[in-house]
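Residue numbers (my numbering), protein chains in the order written: chain A, 689 to 833; chain B, 531 to 684.
Quick notes on the structure that follows.
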């Protein structure tokens, strides 16, 4: 059938007009569906899309984009997937905060030595990011606040 | 002569995966070491997002000593996807990246302050001009998403 989407081509079936995959898996990028299928399976992707039926098309497209991203991460790093990225970022945040604390301490010393001021106006960061690799998932921030 | 049976002699309860899948938990069950019966939600989440056969395939693709980490990261991703079906753990990545950027700017500003103080100290003859001028540098990933849109209308 002319014009099958990448998913239907991969699954070797006809691509109906209302194919749930067609908007997100164009035929010019077969690898995209192949990777998502390899990690999640076509049925699970279809289930996710059905769950998101009530959302605007933009968010359904975003869901597939992020799924593709996670699938690629998992294929490149079968052990940690994109949890490795999260861990790295948490590490980096910890490192930057440590450096900030050191520099603020040094500023406090310099300012008190030099100007007789008792306290630096700078407050140390009170944010703490846990170096939790895999989740106690309660540490995952709520980005909708 | 009684035939030796391959029937499981284990009296342990089935693992969470076999309980969920309603099947006998064999001694060589690939899931049993990583999905204890006390954590039924872990397998339920992973099953919902990845499916049992995909998890089994993924586990077989990694070395045995890496499987626990693989399962834990899959469980983390699954839970993130269930909590946020649109962005999954990419949402968390996006937030953390913004946090890194914000902290990096703060570090740059604080370094600049330190230079000022150090410069002032030099001028007063203390001779301290050193600073921790090592920027951590941006750790960038190709994650273009900014989770600023709320798909649920909150």
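C-beta atoms are modelled at their ideal positions from N, C-alpha and C, and glycine is treated no differently.
All of these numbers come straight from a predicted model, not from anything done at the bench.
Residue 548/B has a beta carbon lying at 7 Å or more from every beta carbon in chain A. Around the beta-carbon of residue 786/A, fewer than 16 other beta-carbon atoms lie within 10 Å, marking it exposed. In terms of Cα proximity to residue 620/B, the closest of 771/A, 730/A and 742/A is 771/A. Excluding its 5 nearest sequence neighbours in each direction, residue 601/B has C-beta neighbours in its own chain below 6 Å: 564, listed in chain order.
If the five residues before and after residue 543/B are omitted, its C-beta is found closer than 7 Å to the C-beta atoms of 567, all from its own chain and listed in chain order. Taking a Cβ-Cβ threshold of 8 Å, the residues of chain A close to residue 615/B are 736, 739, 740 and 751, in chain order.
Between residue 613/B and residue 622/B, the alpha-carbon positions lie close to 11 Å from each other.
In the three-state reduction of the DSSP assignment, residue 708/A falls in the coil class, being assigned neither a helical nor a strand state. The C-alpha of residue 718/A is placed about 34 Å away from the C-alpha of residue 559/B.
Taken through DSSP and simplified to helix, strand or coil, residue 731/A comes out as helix. By the Cβ neighbour-count rule, residue 704/A is exposed, with fewer than 16 other Cβ atoms within 10 Å of its own.
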